[in-house]
Amino acid sequence: MVCAGTGCVSCGSFKIKEALEKEVRKQNLQDEVLIIATGCNGFCERGPILLVQPEGVFYQQLKVEDIPFLVEEHLLKGRPVKKFMYIPPKEKNPIPKMKDIEFFKHQRLIVLRNRGRIDPEKIEEYIGFDGYEAMAKALAEMTPEQIIAEISASGLRGRGGAGFPTGKKWEACRKEKATSKYLICNGDEGDPGAFMDRSILEADPQAILEGMVIGAKAIGAEKGFIYIRNEYPLARQRVDIAIRQAREYGLLGKNILGTGFDFDVEIVQGAGAFVSGEETALIASVEGRIGTPRQRPPYPAQKGLWGKPTVINNVETWATVPNIIRRGAHWFAGLGTKTSKGTKIFSLVGKINNTGLVEVPMGTTIQDIVFRIGGGIPQNRKFKAVQIGGPSGGCIPAKLMDLPVDYESLTEAGAMMGSGGLIVMDDKTCMVDLAKYFLNFLRDESCGKCVSCREGTQRMWEIVKRITEGKGRKGDMELLEELAIACKDASMCGLGQTAANPVLSTLRYFRKEFEAHIFEKRCPAGVCVNLIRYHVLPEKCTGCLACKRGCPTDAIRGVLKGVHIIDQTKCIKCGACLEACRFEAVETQRDEAIVIVEETR
Amino acid sequence: MITFKMNGLDVSAEEGSTLLDVARFYGLEIPTLCFMEGLTPWGGCRLCVVEIGEGPRAKLFSSCTYPAMEGLVVRTDTKRVIKARRMMIELMLSTAPYSKKIQDLASKFGVTQQRFEPRNEECVHCGLCVRMCDEQMDARAIGFQNRGYKRKIATPFDVKSEECRLCGACMYVCPACSLRCQGPNADTDICNACLQVEPTCLDVYDELNCWMYDAGRCGTCVQEKK
């Protein structure tokens with residue numbers, strides 16, 4: 175099974191698959207070995223990934239030229255190849271089986287249950303793993319009220335970020351009297367560092383369709399839309415195939431499974447605006463207008479698409495629904511914490527060993543996610559904070575590592591669940607710079623309707639930028655706070671109301687860093703270029719010329735075996751010399767001869 | 006009829022009216038900028054925010070777009086509301102410091118300083134001109150371009166619009182580009198002198214005694230004479 179999620183595809187997994195097919199034919203094994211392109215396995219750090227079933231042997235970081243050897247050894251002679259297996263950092267022995275790897279061991283797969291197991295472009299395989307069982311049950315045996323009661327009892331909350339109880343939303347829409355109602359699946363995932371929706375769309379599109387049919391029966395809708403952002407071509411293609419196959423099998427369209435229930439789904443492609451993930455903006459976008467939010471109430475469940483009651487749920491929510499109906503609300507409610515039930519997918523990115531997608535029960539601590547599953551921080555650096563919930567989320571510092579991840583505790587800590595992007599940061603991340611990064615994203619992506627959000631994010635960015643340039647003034651922090659609170663209070667939609675979170679949470683937990691930038695004019699993490707200076711330590715420099723070669727602006731002077739000097743007027747502080755200095759050719763780590771000195775101006 | 010509470014008063018309103026309508030009907034003052042009767046409410050300037058709900062769950066909403074609903078608890082003048090309004094005024098003032106209308110608002114709410122770098126863009130994106138052009142003039146010659154800080158109001162593709170009849174309605178409704186302050190230091194001050202000083206010339210117009218003579222007559226006394 176070759177992983178064909180976007181992460182592995184970009185590492186060349188389609189080429190691996192081609193090579194495999196060729197090699198298998200060459201060895202005359204085509205009747206015994208079936209090669210399947212699956213959805214994302216989640217362990218994107220190690221792509222391209224190959225899984226050999228039924229033993230469950232896990233190969234990683236393969237290259238096309240490795241394939242002949244692999245096929246000969248493993249498939250023909252039955253000897254698993256150790257050198258392509260996963261070796262955890264700090265250990266020497268490879269782990270052959272997928273289920274024994276720490277990254278996979280602690281996960282609880284519900285939404286992602288079919289990942290790495292089925293070919294997302296073949297409906298038969300989905301059906302083979304209990305697919306459409308829940309839909310049949312919902313259509314044939316349950317009344318709409320029963321479905322809603324089941325979803326309410328399961329305690330499922332919207333996975334898009336705000337955590338609104340799904341059952342309640344459906345019920346509100348069910349109660350509305352209207353000639354037609356609509357369903358929308360929100361796949362406009364735009365947070366930097368979040369890709370769980372993409373992964374579901376690519377790995378298990380049928381589960382979303384099944385969830386939507388169940389939802390349609392519950393609220394009485396005839397038509398659904400899947401809104402996929404423009405940047406996900408592979409997802410769009412796979413959902414398109416899934417819809418066509420489902421129609422062929424009579425699982426979508428008129429008279430589904432002979433129960434007399436009609437429902438069809440259409441794909442709508444986004445046009446690249448982050449704000450279109452907000453539900454009212456999304457509706458405007460589906461209707462063909464500019465994606466700007468409007469005032470709620472009336473809520474979409476009352477007046478949504480073309481003024482008709484509309485239920486909008488996130489991709490992950492829809493994919494959870496069939497599991498609840500199939501296995502019962504009681505089972506689902508048994509997972510997670512008191513207020514947040516079930517599992518949640520997080521995308522682990524940033525300074526972490528095991529980048530990828532993980533699905534864990536609600537209430538798992540950040541410590542467990544980052545260290546047990548994520549494998550800790552590369553190069554033994556110190557864990558500083560996690561940024562959770564994307565640009566609207568907040569930073570949670572290392573001292574709150576034992577925080578259980580659920581909707582309430584995150585909001586209390588000043589972050590939010592958001593879509594579930596977890597960006598891990600080590601001690602080389604400057605929090606002021608991080609706030610600047612997110613504000614830059616937000617000022618770009620704000621729709622520009624409200625003064626509070628358009629001007630607020632722009633002005634906050636200006637102030638934070640000024641601070642990182644060493645031009646911070648007394649009173650900047652207070653002004654930032656005041657502005658952030660006004661932006662949070664006065665904005666119309668969720669984007670503006672949460673746009674201040676990156677500022678507020680960094681100010682709350684890392685105030686000292688802001689103070690260092692403003693009053694002492696120094697950047698403790700050594701990131702803000704105007705506040706640092708690179709300097710060669712004469713006693714450590716061996717004169718190897720590595721830094722000189724790496725310098726893009728010829729700022730380093732020196733001869734072989736002589737101490738180098740950095741010309742500060744030419745230096746653009748890119749850090750290339752530091753990178754070059756850190757490793758010697760003989761693979762042993764050496765003390766850095768180039769250090770970051772705090773600028774004293 | 007819908008009944009709810011506004012500033013502690015029991016008020017009743019007709020179905021379909023907004024909170025701003027109700028407040029104005031009961032004589033409660035709420036400042037607005039992007040609101041104009043005859044145009045659809047926009048909710049962009051955030052000046053008309055009011056606090057809805059009680060306790061920690063209370064939130065701010067723009068009253069011009071919020072429908073009156075049974076059982077609401079609305080407060081129009083809480084500290085939180087005033088603070089938000091003042092920040093909005095300061096933000097708009099930093100974008101369009103010369104606008105008379107915004108200066109007046111600033112003086113009314115006691116916004117005496119402007120802590121952001123002035124940008125002198127004039128446009129505050131209130132969308133009045135866009136809505137005027139669309140809804141009243143039926144032309145749709147101008148619209149919004151881009152989003153976020155790059156947002157601007159322009160004709161499609163920035164070329165002269167064939168739909169535009171040069172009626173000037175957009176300029177007429179604009180709060181920023183018309184009616185600049187004509188005071189002595191218009192370029193540098195947030196002056197508002199006209200609001201703070203009692204006019205002395207209400208009885209008879211006299212060129213020698215008119216303190217507005219250099220800046221241009223304000224016209225108050227002429228109206229009074231009628």
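Same order as they appear, the protein sequences are chains A and B. Counting in the numbering used here, the final residue of the first sequence is number 775, and the numbers go up one at a time with none missing. Counting in the numbering used here, the final residue of the second sequence is number 231, and the numbers go up one at a time with none missing. Beta carbons: idealized from backbone N, C-alpha and C, even for Gly. Keep in mind it's a predicted model, so treat the numbers as computed, not measured.
Check                                                                                                                                                                               : Outcome
Determine the DSSP secondary structure at residue 440 of chain A, reduced to helix, strand or coil.                                                                                 : strand
Could you give the distance in angstroms between the alpha-carbon of residue 257 of chain A and the alpha-carbon of residue 473 of chain A?                                         : 56 Å
Which runs of the alpha helix (DSSP H), 4 residues or longer, sit entirely within the stretch 437–493 of chain A?                                                                   : 453–461
Quick one: give me the first and last residue of the beta strand (DSSP E) that residue 67 of chain B is part of.                                                                    : 64–67
So the candidates are A/701, A/278, A/197, A/231; which of them puts its Cα closest to the Cα of residue 246 of chain A?                                                            : A/197
Compute the distance between the beta-carbons of residue 597 of chain A and residue 495 of chain A, then report whether it is under 7 Å.                                            : no
Would you verify that the beta carbon of residue 632 of chain A is, or is not, closer than 7 Å to some beta carbon of chain B?                                                      : yes
Just the chain A side, please: which residues come within less than 7 Å of residue 103 of chain B by C-beta, in chain order?                                                        : Going along chain A, no residue has its Cβ under 7 Å from residue 103 of chain B, so there is no contact; the nearest lies around 17 Å.
Which residues of chain A have a Cβ atom closer than 8 Å to the Cβ of residue 171 of chain B, listed in chain order?                                                                : Result: empty, since nearest Cβ-Cβ is about 25 Å, beyond 8 Å.
Around the C-beta of residue 686 of chain A, are 16 or more other C-beta atoms found within 10 angstroms, so that it is buried, or is it exposed?                                   : exposed
I'd like to know whether the C-beta atoms of residue 654 of chain A and residue 677 of chain A end up nearer to each other than 7 Å.                                                : yes
Three-state secondary structure (DSSP) at residue 378 of chain A?                                                                                                                   : coil
For residue 235 of chain A and residue 373 of chain A, what's the separation of their Cα atoms in angstroms?                                                                        : 19 Å
Which residues in chain A have a C-beta closer than 8 Å to the C-beta of residue 85 of chain B? List them in chain order.                                                           : 663
Between residue 79 of chain B and chain A, is any beta-carbon pair separated by less than 7 Å?                                                                                      : no
Comparing C-alpha positions only, which one of B/148, B/80, B/120, B/75 sits nearest to residue 161 of chain B?                                                                     : B/148
Taking 7 Å as the threshold (beta carbon to beta carbon), is residue 623 of chain A in contact with chain B?                                                                        : yes
Would you say residue 110 of chain B lies against chain A (beta-carbon separation less than 7 Å)?                                                                                   : no
Using CA atoms only, rank isn't needed, just tell me which of B/92, B/109, B/21, B/133 is closest to residue 68 of chain B.                                                         : B/21
Which residues share a DSSP beta bridge with residue 427 of chain A?                                                                                                                : A/437
Applying a beta-carbon distance threshold of less than 8 Å, which residues of chain A neighbour residue 122 of chain B?                                                             : 636
Flag residue 617 of chain A as yes if its beta-carbon sits less than 7 Å from any beta-carbon of chain B, otherwise no.                                                             : yes
Check whether the Cβ of residue 24 of chain B lies closer than 7 Å to any Cβ atom in chain A.                                                                                       : no
With distance defined between alpha-carbon atoms, name the residue in A/507, A/414, A/278, A/352 nearest to residue 217 of chain A.                                                 : A/278
Of the choices A/582, A/659, A/501, whose alpha-carbon is the least far from that of residue 325 of chain A?                                                                        : A/501
Could you work out which residue in B/180, B/141, B/150 is closest to residue 44 of chain B when comparing CA atoms only?                                                           : B/141
Alpha carbon to alpha carbon, what distance is there between residue 632 of chain A and residue 615 of chain A?                                                                     : 10 Å
For residue 56 of chain B, which residues does DSSP report across the bridge?                                                                                                       : B/65, B/80
Please list, in chain order, all residues of the same chain as residue 389 of chain A whose beta carbon is under 6 Å from its beta carbon, the five residues on each side excluded. : 357
Out of A/203, A/713, A/714, A/738, state which residue places its alpha-carbon closest to the alpha-carbon of residue 725 of chain A.                                               : A/738
Report buried or exposed for residue 17 of chain B, applying the criterion of at least 16 other Cβ atoms within 10 angstroms of its Cβ.                                             : exposed
Report the CB separation of residue 181 of chain B from residue 95 of chain B in whole angstroms; it is logged as a contact under 8 Å.                                              : Not quite, the Cβ-Cβ distance comes to about 15 Å (not below 8 Å), so this is no contact.
Who does residue 601 of chain A pair with in a DSSP beta bridge?                                                                                                                    : BP columns for residue 601 of chain A are empty, so no partner.
Given that residue 96 of chain B touches chain A, what residues does it touch there, using C-beta distances under 7 Å?                                                              : 625, 629, 630, 633
Could you work out which residue in A/713, A/291, A/547, A/274 is closest to residue 533 of chain A when comparing CA atoms only?                                                   : A/547
Can you check whether the C-beta of residue 89 of chain B is within less than 7 Å of a C-beta belonging to chain E?                                                                 : The structure shown contains no chain E; its protein chains are A and B.
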